[in-house]
Every structure is written in structure tokens, then in C-alpha cells.
Amino acid sequence: MYNTFKKIGRKCKKNTRKFRKLKCSPYQNKYVDSELKHYTCYTRNNLQLFKNVWNANNSNKILTNNSKEIWNFFKQKLDKQCYDELCWLEKTPLSKVNNRELLIKEIFKPFSPETWSSKPNTWLSSVDITKIMKQYEKSHKHFKFIGPTPIDFDTKEMFSTCVWEQLCNFNLENHIKNNISKIGVIFNTDPHNKPGKHWISLFVDLTRKFIFYFDSNGTRMPKQIKVLINRIVDQARNLNIQLTVDDNEGFTHQYGDGQCGMYALYFIIELLQENKTYSYFKNTRIKDSTMKKYRKKYYNEANIKMNPVFLD
1 MYNTFKKIGR
11 KCKKNTRKFR
21 KLKCSPYQNK
31 YVDSELKHYT
41 CYTRNNLQLF
51 KNVWNANNSN
61 KILTNNSKEI
71 WNFFKQKLDK
81 QCYDELCWLE
91 KTPLSKVNNR
101 ELLIKEIFKP
111 FSPETWSSKP
121 NTWLSSVDIT
131 KIMKQYEKSH
141 KHFKFIGPTP
151 IDFDTKEMFS
161 TCVWEQLCNF
171 NLENHIKNNI
181 SKIGVIFNTD
191 PHNKPGKHWI
201 SLFVDLTRKF
211 IFYFDSNGTR
221 MPKQIKVLIN
231 RIVDQARNLN
241 IQLTVDDNEG
251 FTHQYGDGQC
261 GMYALYFIIE
271 LLQENKTYSY
281 FKNTRIKDST
291 MKKYRKKYYN
301 EANIKMNPVF
311 LD
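With UniProt numbering, letter number 198 in the sequence shown gets 198, and the count goes up by one each step, no holes.
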């Protein structure tokens with residue numbers, strides 16, 4: 001357990017850092033009551049659970065059932081230890097909550113790598129992308145994310161397995177049976193045996209009946225993706241579904257370096273939430289500076305995860 005005040009020979013530097021509300025995951029945003037949303041990512045059920053765990057481990061019991069009062073209790077009680085709600089689960093008796101790590105992943109948007117603070121154009125890794133997309137899979141039950149995959153996803157490896165089985169053996173009918181109506185795919189233009197070069201993406205919408213390929217550089221669709229699209233279109237036709245296919249070839253969005261992963265995420269999220277039509281990505285330039293701003297919308301900043309500093 002994290003113990004702030006039993007460090008002999010040390011004193012705690014005065015707490016001058018303000019408590020910060022973290023960004024909530026899209027799934028959690030759906031379930032936090034409207035009167036709680038402006039100050040917490042925790043639901044009433046979360047707060048009741050925390051109360052029970054606290055009471056089981058402390059003589060200073062929480063007696064109220066009021067969610068705001070429970071939240072205020074933790075904020076005030078842990079004021080010298082915590083600057084945000086995540087710290088409540090990491091540095092206090094609440095660390096005993098069952099499935100704590102899973103709870104953290106479900107409640108808060110992912111934290112950006114620390115390198116982003118000094119290098120804001122750092123390329124998104126496959127892990128950075130997956131963390132975001134998995135949260136949207138959870139919040140949108142009809143959505144399936146595939147990837148991030150290298151461009152040679154159809155290549156056969158040892159024992160005749162593909163580099164990326166979900167695409168090599170793509171089965172539209174199975175997705176439909178699983179109530180999936182929207183599919184997002186993010187590819188890297190490098191093959192699986194190279195370090196990675198550029199992120200591109202594909203969105204399949206069975207409700208609005210289209211497939212759109214997006215590249216922030218506006219370059220021509222790779223032949224591997226053409227093969228995949230034909231595979232999906234043929235399977236859809238066999239199910240009496242006619243899909244329109246389009247792309248943004250020749251229309252460049254990105255002129256700087258390092259934001260292609262953000263463009264890929266933004267494209268899928270905006271179409272998934274139906275905030276944009278695919279024609280928007282063909283006709284309206286999205287600036288690199290906009291993608292830099294969206295890093296702070298999609299991710300919690302790493303430097304928020306700070307605790308009090310102890311001086312010798």
C-alpha cells in the first residue's frame with residue numbers, strides 16, 4: 001500500500017498542484033450519470049464499490065450513500081496523495097479493488113507515452129492505436145476493429161497461417177451474425193518483417209452501405225487493400241448487399257510528419273460516430289495541427305500522472 005506520511009526523515013513538499021479531471025473512456029461516458037459527468041469518470045456503482053472497499057479496510061467509515069458525497073470524501077481524504085481519480089485506485093486502499101487494472105482500462109482514456117510531452121510529433125505505435133480502438137469496440141457493440149496490421153496481411157507464413165488471419169480469412173457473414181455493422185481496419189504500409197512506415201485505414205459500413213479507403217497523404221490504394229476490398233464486396237454481393245467503394249486518392253490532408261496514426265484513428269472514429277460522411281474526407285482538408293490537438297482529446301496526458309514530491 002502506498003504510504004505517504006510514514007517516511008522518516010522526509011517532508012512532503014507543499015501541494016500546489018490542482019486536482020485534474022481525467023478524460024473518460026467512450027464506454028464510461030455512456031454510463032456516468034449526467035449530474036456526475038462534469039467532475040468524475042466514476043459511475044454510482046463504481047463509487048459504491050469504492051465505499052465498500054474503503055469501509056472494509058478503514059475504521060473511518062463512509063456512512064453516506066450519496067454519490068457526490070462519497071466522491072468528495074475520497075477527494076478530500078486523499079488530497080495530499082492524489083491529483084486525479086486514477087491515483088485513488090493506484091495509491092490507496094482502493095488498490096484492493098478486484099480487477100483494478102481492467103477497471104482502469106475501461107474507465108479512463110489511455111495515457112499517452114511520456115515522450116509525447118517533449119516530442120509531440122512522435123508516431124503512434126500499434127499499442128497506442130489498439131488502446132483507443134478497443135475502447136470504441138466496447139462502447140459501440142456493433143463495431144469491430146481489425147489491426148493494426150502490416151500491409152502483407154495475406155502472406156502465408158509457416159504452417160500456412162496468414163500474417164493477419166482476420167483479414168486473410170475475412171468472413172462478412174460471420175460479422176453480420178455477430179451483429180457487427182461497422183468495421184474499421186488500420187494498416188501499416190510496411191510488411192510484417194519491417195519496423196513500420198505509414199498508417200492508413202479502411203472503414204466498412206453495412207448500414208450506410210459503403211467502403212472507404214483513407215490515406216492522409218492521399219496516395220493510391222495499395223494493391224493488397226484492393227484485393228481485400230474486392231473480397232468484402234464479393235461476400236456482400238452474395239448476401240444481397242451492394243457496397244459503394246470510394247477513397248481520397250489525390251486529396252492530401254497531411255503535410256507534416258508524425259500524425260498519420262492520428263489521422264487513421266480520427267477517420268474511423270468520426271465515421272463510426274457518424275459525425276462525418278465519407279465525402280468529408282475527400283473534400284475538406286484536415287490540418288496536421290488539428291490532429292495534434294486531438295492527441296489531447298483521445299489520450300490523457302502522461303504528465304497528469306504525478307504524485308507529491310518528497311524532499312530529503
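Just so you know, even glycine gets a beta-carbon here, dropped at the ideal spot from N, CA and C.
**DSSP state of S201 mapped onto helix, strand, coil** = Counting from one through the sequence shown, the residue named residue 201 turns up at place 201. In the structure shown, S201 sits in a strand (DSSP, three-state: E or B).
**Asked** Bridge partners of N188, per DSSP?
**Response** For the purposes of this step, residue 188 is identified with residue 188 of the sequence shown, where counting begins at 1. Bridge partners of N188: P150 and W199.
**Prompt:** Taking contact to mean at least 3 C-beta pairs separated by less than 8 angstroms, is the segment 209-223 in contact with the segment 231-243?
**Reply:** yes
**Request:** Please classify C82: does DSSP put it in a helix, a strand, or coil?
**Result:** Position 82 of the sequence shown, counted from the start, is the residue given in the question as residue 82. C82: coil per DSSP, three-state reduction.
**Prompt:** Roughly how many angstroms lie between the CA atoms of S118 and N230, to the nearest whole one?
**Reply:** Residue mapping note: residue 118 aligns to position 118 of the sequence shown, counting from 1. Residue mapping note: residue 230 aligns to position 230 of the sequence shown, counting from 1. So the alpha carbons of these two residues sit roughly 43 angstroms apart.
**Message:** For I268, tell me which candidate among M158, K223, G258 and Y136 has the shortest Cα-Cα distance.
**Reply:** Against the sequence shown, residue 268 aligns to sequence position 268. I268 has its Cα closest to that of Y136, out of M158, K223, G258 and Y136.
**Request:** Could you tell me which residues DSSP puts in a beta bridge with Y213?
**Result:** Within the sequence shown, numbered from 1, the residue matching residue 213 stands at position 213. According to DSSP, which records beta bridges pairwise, Y213 is partnered with L202 and D247.
**Message:** Using a Cβ-Cβ cutoff of less than 6 angstroms, which residues in the same chain neighbour G9 once the five nearest sequence positions on both sides are dropped?
**Reply:** Sequence index remark: in the sequence shown, residue 9 carries index 9 (1-based). Below a pLDDT of 50, predicted positions are generally treated as unreliable, and G9, at 36, falls in that range; the measurement from the model is reported next regardless. Answer for G9: no residue qualifies.
**Message:** Please state whether the Cβ-Cβ distance between D205 and L271 is less than 9 angstroms.
**Reply:** On the sequence shown, residue 205 is found 205 positions in, with the first residue counted as 1. On the sequence shown, residue 271 is found 271 positions in, with the first residue counted as 1. Yes, the pair counts as a contact, with Cβ atoms nearer than the cut-off.
**Closest Cα partner of K111 within the set K96, S95, I129 and N98** = For the purposes of this step, residue 111 is identified with residue 111 of the sequence shown, where counting begins at 1. Per the sequence presented here, residue 111 reads as Phe, with Lys not at that position. Per the Cα distances, I129.
**Segments of 4+ residues assigned as alpha helix (DSSP H) that fall wholly inside the segment 33-67** = 44-57
**Request:** Out of E69, I107, N121 and N72, state which residue places its alpha-carbon closest to the alpha-carbon of K293.
**Result:** Along the sequence shown, read from residue 1 onward, the residue named residue 293 stands at position 293. Here the closest residue by C-alpha is N121.
**Message:** Under 8 angstroms, with one C-beta from each stretch per pair, do the segment 25-43 and the segment 93-109 reach the 3-pair mark?
**Reply:** yes
**Asked** Where does I132 sit, in a helix, a strand or coil, going by DSSP?
**Response** Position 132 of the sequence shown holds residue 132. In this structure, I132 counts as helix in the three-state DSSP scheme.
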